[in-house]
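Just below is one structure, and these are the notes that go with it.
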Amino acid sequence: MPEWMSFAGRKLLRLITLLVAVAIFSYTLISLSPIDPVDAYIGADMLLISPEQRAQIAARWGLDQPPLARFIAWARELAGGNFGTSLIFNRPVLEIIGERFIASLGLMATAWLVSGLLGYALGILAGARPGSLLDRAVRLYAYILASSPSFWVALLLLMAFSVGLRWTPICCASPPGLLPEEVTLAHRLHHLILPAITLSIVGVANMALHTRQKLIEVLESDYALFARAQGATTRDLVRHHGLRNVALPAITLQGASLSELFGGAVLVEQVFTYPGLGEATVQAALRSDVPLLLGIVFFSAIFVFAGNTLADLAYRLVDPRIRIGAATP
Amino acid sequence: MSTLTETPAPMRAGPAPRPWQLNRRQRTLLTIGLCLLALSAVLAGAWLIGDDGLATNLAARNQPPSLAHPFGTDWLGRDMLTRTLHGLSLSLGVGLLAAVVSAVIGAALGLLAATLGGAADAVITWVIDVFFSLPHLVLLIMIAFTVGGGTIGVIVAVALTHWTGLARIIRAEVLQLKSAHYVQLSARLGRGPLWVARHHMLPHLLPQFIVGLILLFPHAILHEAALSFIGIGLSPHLPAIGIILAEAMRYLATGSWWLALFPGLALLLAVTAFDVLGEQVRDVIEPKQSQG
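Residue numbers (the numbering used here), protein chains in the order written: chain A, 1 to 329; chain B, 330 to 621.
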């Protein structure tokens, strides 16, 4: 079997077990919840419904079945791609998630790339000369950003650039009052820029500190000492030994950062009233839209998984040792 | 993380240190003291300043920061310094409670996984893996939602989602200790398992637990604030920092910048204080780890 096929097979198996785990987990959580589904469905009409009608609703939804039978029925629907209908939007959950994800994708992709590259660059600059003024500045920046709530950073930027300087719009993904077909790419970019900057500068901290630490380790290693003895300067060391060796852990870290990025997007979209997936998550929770919330939980699990898998793939491209040693994974 | 500690200054042969210069241990202890002082100042401040500033005072609405109101006033004329101190102590309280519960869960499950092994270990590591495969905030929202939101919802959500890291650390530590030569030798010499646990395991585990607990505080507090900010956490009647910032968001367009700036800054300082505290306590009680 070709090497890539076994890699894909292993990843697929891992994804399936992960999704089963998430299904069991979220089913347990929802069934432990004190919220009664029939009550939640009836809402304000509680007094108009007789006990017989309640029993009918429960029977219609299969709530009279034992828990295991309910789980199997639900899981079978999920496996068939039916995530139900969103209560807020009254449309299939998958449609809503697809639409919202496309809106968020630009935001998250920009932030992911910028924070990764900027964090890597800052980490290299800081790690090349530990203790220097630049190093201290980068570390201070990273510590402060790591402890700041991202929604607060978003609020500050909004105050400075949208309210104070009026450079960027104050909300939404397009100017209010325009029909969807009138919105141009320039409009979209104009509305995207500040949320994307917020997510990027918050995401830089982790990458910068990590890269800095790894580069210091490389520069203190024996082979770096040997290279120095042969007359290599710090610049040579960073170029020929640092950049490549540090790139490997950085890729893994950046792949794993999708989890943080998703959480950041939830908060930042809330501040900028940006109609993306994060905003939909908050709406689903605030307005008790269980199908949509569960759909997003599944989607976010796949999203995080995709990030880690991409990192694994990139690893194979960057590191020749893995390709050669692939026969023994 | 050793990245967070100051890299030790190289030993230099030079003039003897002047008497007022502190050595590294003294500096660390001083920092711990300052952090504790700052954090207790928040709690004491909320108590000392009283509730007077929380009363509605429409004559003094939307005032920018001044000597009388260092943090300004909001749209009901309430003093923002008073609100910030009260909100911060509430957030700290909720965060601390949730973090302690979380740390106890983490330690208990880590110990169980390592000592029982077999099926128990498999189940616990599986649960930890599932937790790590979802974005933390989604997990928080999901749990807070199923519990029904509110203060209980936040505490349960934060407590149930922060134990995984500590559980992993404790499990790994116990597994490592179990296979250590001196532990096995001790058992051969006739010491009972409880004696070994008390004399060989506990001294290693306790520092890990304490440092892990303190380093949980910043995360717990930030996540409490985030949940309250998006409206799934504490109710608007309990003005925690997250609520104050969510309210400030609605008054941003009017140019009331002080409503968001100072409460957020206070939260940032409190979180940083806990972070520094954890790192410094680690330096004191786990000196091996801090010599990176």
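Where a beta carbon is used, it is the ideal one built from N, C-alpha and C, also for glycine.
Beta-carbon proximity of residue i to residue j, cut-off 8 Å
i: residue 595 of chain B; j: residue 351 of chain B; result: no
i: residue 258 of chain A; j: residue 104 of chain A; result: no
i: residue 536 of chain B; j: residue 614 of chain B; result: yes
i: residue 556 of chain B; j: residue 473 of chain B; result: yes
i: residue 446 of chain B; j: residue 155 of chain A; result: no
i: residue 295 of chain A; j: residue 93 of chain A; result: yes
i: residue 291 of chain A; j: residue 84 of chain A; result: yes
i: residue 197 of chain A; j: residue 158 of chain A; result: no
i: residue 127 of chain A; j: residue 228 of chain A; result: no
i: residue 503 of chain B; j: residue 444 of chain B; result: yes
i: residue 534 of chain B; j: residue 361 of chain B; result: no
i: residue 457 of chain B; j: residue 497 of chain B; result: yes
i: residue 430 of chain B; j: residue 483 of chain B; result: no
i: residue 590 of chain B; j: residue 580 of chain B; result: no
i: residue 542 of chain B; j: residue 428 of chain B; result: yes
i: residue 511 of chain B; j: residue 529 of chain B; result: yes
i: residue 195 of chain A; j: residue 107 of chain A; result: yes
i: residue 183 of chain A; j: residue 215 of chain A; result: no
i: residue 357 of chain B; j: residue 612 of chain B; result: yes
i: residue 499 of chain B; j: residue 405 of chain B; result: no
Residue i, buried or exposed, once every other Cβ within 10 Å from all chains shown has been counted against 16
i: residue 31 of chain A; result: exposed
i: residue 380 of chain B; result: exposed
i: residue 25 of chain A; result: buried
i: residue 20 of chain A; result: exposed
i: residue 402 of chain B; result: buried
i: residue 552 of chain B; result: buried
i: residue 272 of chain A; result: buried
i: residue 488 of chain B; result: buried
i: residue 538 of chain B; result: buried
i: residue 341 of chain B; result: Residue confidence is low: residue 341 of chain B scores 49 on pLDDT, short of 50, so the model does not pin down where it sits. Its coordinate-derived value is still stated next. Exposed, since its Cβ has fewer than 16 Cβ neighbours within 10 Å.
i: residue 9 of chain A; result: exposed
i: residue 338 of chain B; result: A caution first: residue 338 of chain B carries a pLDDT of 49, below 50, which makes its placement in the model too unreliable to give a value.
i: residue 68 of chain A; result: exposed
i: residue 347 of chain A; result: The structure shown does not extend to residue 347 of chain A, since chain A is modelled only from 1 through 329, so no value can be given for it.
i: residue 91 of chain A; result: exposed
i: residue 16 of chain A; result: exposed
i: residue 149 of chain A; result: buried
i: residue 220 of chain A; result: exposed
i: residue 448 of chain B; result: exposed
i: residue 585 of chain B; result: buried
i: residue 289 of chain A; result: buried
i: residue 137 of chain A; result: exposed
i: residue 330 of chain B; result: Note on residue 330 of chain B: pLDDT 39, under 50, position unreliable in the model; no value is reported.
i: residue 582 of chain B; result: exposed
i: residue 131 of chain A; result: exposed
Given residue i as reference, the closest of the options once Cα atoms are compared
i: residue 117 of chain A; options: A/275, A/312, A/294 and A/254; result: A/254
i: residue 61 of chain A; options: A/37, A/28 and A/48; result: A/37
i: residue 235 of chain A; options: A/81, A/56 and A/124; result: A/124
i: residue 468 of chain B; options: B/450, B/480, B/490 and B/409; result: B/490
i: residue 244 of chain A; options: A/162, A/82, A/188 and A/121; result: A/121
i: residue 554 of chain B; options: A/285, A/152 and A/33; result: A/152
i: residue 113 of chain A; options: A/267, A/313, A/199 and A/78; result: A/199
i: residue 547 of chain B; options: B/426, B/480 and B/377; result: B/426
i: residue 286 of chain A; options: B/560, B/421 and B/406; result: B/560
i: residue 119 of chain A; options: A/135, A/289, A/263 and A/176; result: A/135
i: residue 317 of chain A; options: A/288, A/193, A/98 and A/252; result: A/252
i: residue 486 of chain B; options: B/399, B/562, B/438 and B/412; result: B/562
i: residue 98 of chain A; options: A/309, A/138, A/231 and A/280; result: A/280
i: residue 338 of chain A; options: A/39, A/110 and A/87; result: In the structure as shown, chain A starts at 1 and stops at 329, and residue 338 of chain A therefore has no counterpart that could be examined.
i: residue 378 of chain B; options: B/368, B/414, B/407 and B/349; result: B/414
i: residue 167 of chain A; options: A/191, A/147, A/269 and A/184; result: A/191
i: residue 27 of chain A; options: A/310, A/71 and A/256; result: A/71
i: residue 260 of chain A; options: A/248, A/274 and A/304; result: A/304
i: residue 494 of chain B; options: B/409, B/410 and B/432; result: B/432
i: residue 603 of chain B; options: B/371, B/356, B/355 and B/451; result: B/371
i: residue 388 of chain B; options: B/369, B/408, B/439 and B/374; result: B/408
i: residue 34 of chain A; options: B/369, B/478 and B/390; result: B/478
i: residue 270 of chain A; options: B/576, B/366, B/569 and B/516; result: B/576
Quick test of the definition: if touching needs 3 or more C-beta pairs under 8 Å, does the region 294–308 of chain A touch the region 449–469 of chain B?
Judged by Cβ distances under 8 Å, the region 294–308 of chain A makes contact with the region 449–469 of chain B, as three or more pairs qualify.
At 4 residues or longer, and completely inside the region 440–491 of chain B: list those alpha helix (DSSP H) runs for me, N to C.
The qualifying runs are 447–461, 465–476 and 479–490.
I'd like to know if the region 197–212 of chain A and the region 134–150 of chain A are in contact, where contact means that at least 3 CB-CB pairs between them fall below 8 Å.
Counting Cβ pairs under 8 Å, three or more are found: they touch.
Counting only runs of 3+ residues fully inside the region 40–121 of chain A, write out the beta strand (DSSP E) ranges in chain order.
Listed in chain order, nothing qualifies, since the region 40–121 of chain A has no complete beta strand (DSSP E) run of 3 or more residues.
Complete runs of the alpha helix (DSSP H) confined to the region 578–617 of chain B [at least 4 residues]
Counting whole runs of 4 or more residues, the region 578–617 of chain B contains the alpha helix (DSSP H) stretches 587–614.
At 3 residues or longer, what runs of the beta strand (DSSP E) sit wholly inside the region 236–314 of chain A?
Fully contained in the region 236–314 of chain A is no beta strand (DSSP E) run of length 3 or more.
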